[in-house]
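Here's the structure we're looking at; comments come further down.
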Amino acid sequence: MRTLLALLCVALAGGSALVLTTDGLRAFTSEDARRLDVSEAPVQLPALEVLGTDGRPVSLSDPDRVTLLDFVYTRCETVCRTLGSEFQQLQTEIRARGLQDHVRLLSISFDPEHDTPAELAAYARHQRADGAVWQFAALANAADLPKLLGNFGIVVIPDGLGGFEHNAAIHVVDQRGRLVRIMDLSNPAAALTEALARVAAGNAPKARAGS
3 MRTLLALLCV ALAGGSALVL TTDGLRAFTS EDARRLDVSE APVQLPALEV
53 LGTDGRPVSL SDPDRVTLLD FVYTRCETVC RTLGSEFQQL QTEIRARGLQ
103 DHVRLLSISF DPEHDTPAEL AAYARHQRAD GAVWQFAALA NAADLPKLLG
153 NFGIVVIPDG LGGFEHNAAI HVVDQRGRLV RIMDLSNPAA ALTEALARVA
203 AGNAPKARAG S
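Plus 2 on top of the position in the sequence shown (first one is 1) and you've got my numbering.
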């Protein structure tokens, strides 16, 4: 009987942990959970100083455009290459459809000590980024990095070889400066569709009081 009770306690504890880590059994991984949380409760982004490739401030959001944002570092040889390829596809599609006044791309480095404006400028050239559509930037103050990553739910862990392990996705930021959706990096078309839905919502006429 004691053995049975012990097993039941272990099972219950495991079940409780599963509920806690899967957002009430609605998500099976922490990545799923963060995406679900954001879709249900958009996150207002903090006002942090971010510098572009010319050393000038870049805003995390744009009042006139929806932002598709990712996190990278210029020395990355793995997932960041995939992100770069997906953003190249998005850039091509945005330009082909004349959407540059409605949607922009922004890549933020989480390695500000190494990724200076000059490094980012070289990286942007390598990615064939059109500055009117796709910008690269890094925090002006490295001390702000935990706050920025925390707002997006980004986990960055040194790999012991001079690089980092990190989760990756395409983050949709609306015109009000809110993180509203997190999309899979392997499906840029879905991210663009989501961005255009936000553009349409932002351009919808406001209902007048009393109507």
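Yeah, the Cβ is synthetic: ideal placement off N, Cα and C, and Gly gets one too.
Segment limits, beta strand (DSSP E) that includes residue i
{"i": "Phe54", "result": "Note on identity: in this sequence residue 54 is Gly, with Phe being the wrong assignment. Start and end: Val52 to Gly54."}
{"i": "Pro160", "result": "Val158 to Pro160"}
{"i": "Arg106", "result": "Val105 to Ser111"}
{"i": "Leu70", "result": "Val68 to Val74"}
{"i": "Leu181", "result": "Arg180 to Met185"}
Residue environment, residue i, which counts as buried when at least 16 other CB atoms sit within 10 Å
{"i": "Thr31", "result": "exposed"}
{"i": "Pro190", "result": "buried"}
{"i": "His168", "result": "buried"}
{"i": "Ala72", "result": "Reading off the sequence shown, one finds Asp at residue 72, where the question assumed Ala. When all chains shown are included, Asp72 counts as buried."}
{"i": "Leu163", "result": "exposed"}
{"i": "Asp113", "result": "buried"}
{"i": "Ile156", "result": "buried"}
{"i": "Gln91", "result": "exposed"}
{"i": "Gly57", "result": "exposed"}
{"i": "Ser63", "result": "buried"}
{"i": "Arg37", "result": "buried"}
{"i": "Gly152", "result": "exposed"}
{"i": "Ala131", "result": "buried"}
{"i": "Thr76", "result": "buried"}
{"i": "Ala49", "result": "exposed"}
{"i": "Asp117", "result": "buried"}
Assumed close pair residue i, residue j - CB separation to whole angstroms, cut-off 8 Å
{"i": "Val201", "j": "Val60", "result": "Contact flag wrong, Cβ pair sits at about 20 Å."}
{"i": "Ala126", "j": "Thr55", "result": "6 Å"}
{"i": "Thr80", "j": "Leu187", "result": "That belief does not hold up - the Cβ atoms of Thr80 and Leu187 are roughly 12 Å apart, past 8 Å."}
Separation of residue j from residue i, as counted between CA atoms
{"i": "Ala203", "j": "Asp176", "result": "10 Å"}
{"i": "Ala139", "j": "Leu47", "result": "16 Å"}
{"i": "Ile95", "j": "Ala171", "result": "Checking the displayed sequence, the identity of residue 95 turns out to be Glu instead of Ile. The alpha-carbon atoms of Glu95 and Ala171 are separated by roughly 18 Å."}
{"i": "Asp146", "j": "Ala98", "result": "36 Å"}
{"i": "Ile110", "j": "Pro119", "result": "11 Å"}
{"i": "Asp34", "j": "Leu70", "result": "19 Å"}
{"i": "Pro65", "j": "Asn205", "result": "11 Å"}
{"i": "Arg183", "j": "Glu42", "result": "9 Å"}
{"i": "Val52", "j": "His173", "result": "17 Å"}
{"i": "Lys149", "j": "Val158", "result": "13 Å"}
{"i": "Gln129", "j": "Leu101", "result": "20 Å"}
{"i": "Glu88", "j": "Gly165", "result": "21 Å"}
{"i": "Thr195", "j": "Glu121", "result": "31 Å"}
{"i": "Cys78", "j": "Val135", "result": "22 Å"}
{"i": "Leu107", "j": "Ala142", "result": "19 Å"}
{"i": "Ala19", "j": "Val74", "result": "In this prediction, Ala19 scores a pLDDT of 35, lower than 50, which makes its location untrustworthy; the coordinate-derived value is nonetheless stated afterwards. The alpha-carbon atoms of Ala19 and Val74 are separated by roughly 31 Å."}
{"i": "Arg178", "j": "Pro160", "result": "33 Å"}
{"i": "Arg67", "j": "Asp103", "result": "7 Å"}
Where the alpha helix (DSSP H) through residue i begins and ends
{"i": "Asp39", "result": "Ser32 to Glu42"}
{"i": "Ala170", "result": "No alpha helix (DSSP H) holds Ala170; DSSP gives it neither H nor E."}
{"i": "Ala140", "result": "Note, Ala140: premise wrong, no alpha helix (DSSP H); beta strand (DSSP E) at Trp136 to Leu141."}
{"i": "Thr84", "result": "Val81 to Ala98"}
Below-9 Å beta-carbon distance, residue i vs any chain B residue
{"i": "Asp146", "result": "The displayed structure is made up of one protein chain only, and chain B is not part of it."}
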